[in-house]
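K.L.:
Residue numbers (our numbering): 1375 to 1511.
1) Skipping 5 residues on each side, what residues in its chain have a beta carbon closer than 7 angstroms to that of residue 1490?
2) Using 8 angstroms for Cβ pairs, my map puts residue 1377 next to residue 1410. What's the rounded Cβ distance?
3) Could you pull the start and end residues of the alpha helix (DSSP H) that residue 1401 belongs to?
4) Let me confirm a value: residue 1390 is counted as buried when at least 16 other C-beta atoms fall within 10 Å, else exposed. Which label applies?
5) Please list, in chain order, all residues of the same chain as residue 1498 whose beta carbon is under 6 angstroms from its beta carbon, the five residues on each side excluded.
6) So, under 8 angstroms CB-CB, residue 1445 and residue 1475 are touching, yes? Tell me the CB distance rounded to an integer number of Å.
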């Protein structure tokens, strides 16, 4: 079963100083053989944070790790229209761009499993293809 990966999992996985690093590492180790999916906005967000907190070359190393270990899903025009609808409908929740991208892509691909430490956004949102997301860990 396919799994979408949120930014916070990858940030914690690549940063040994993050208090959530052990949980992220354990999760990634468990699901790596399933070729988890990273949506492009998540990759951009993680690269930005890696440069900011670790430096450019460690960010490039993280990029290489993601390319080797995960499938990358680009956004379609319809995904972006769906994201806009989601962000407007849930305006009070103020979902960030990457989370809205995960939501839209999950609907397009029929994916119910999301690896995230962000319980709020993914429990507030009601996807159209399932009653709720299965959140990992």
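Even for Gly, the Cβ is constructed at its ideal location relative to N, Cα and C.
P.N.:
If we stick to the structure as given:
1) Around residue 1490: 1380, 1382, 1383, 1496, 1509.
2) Right, the Cβ-Cβ distance comes to about 5 angstroms (below 8 angstroms), so this counts as a contact.
3) DSSP places residue 1401 in the uninterrupted alpha helix (DSSP H) bounded by 1395-1405.
4) Residue 1390 is exposed by the Cβ-count criterion.
5) Here the set comprises 1467.
6) With a Cβ gap of about 15 angstroms, residue 1445 and residue 1475 do not count as contacting.
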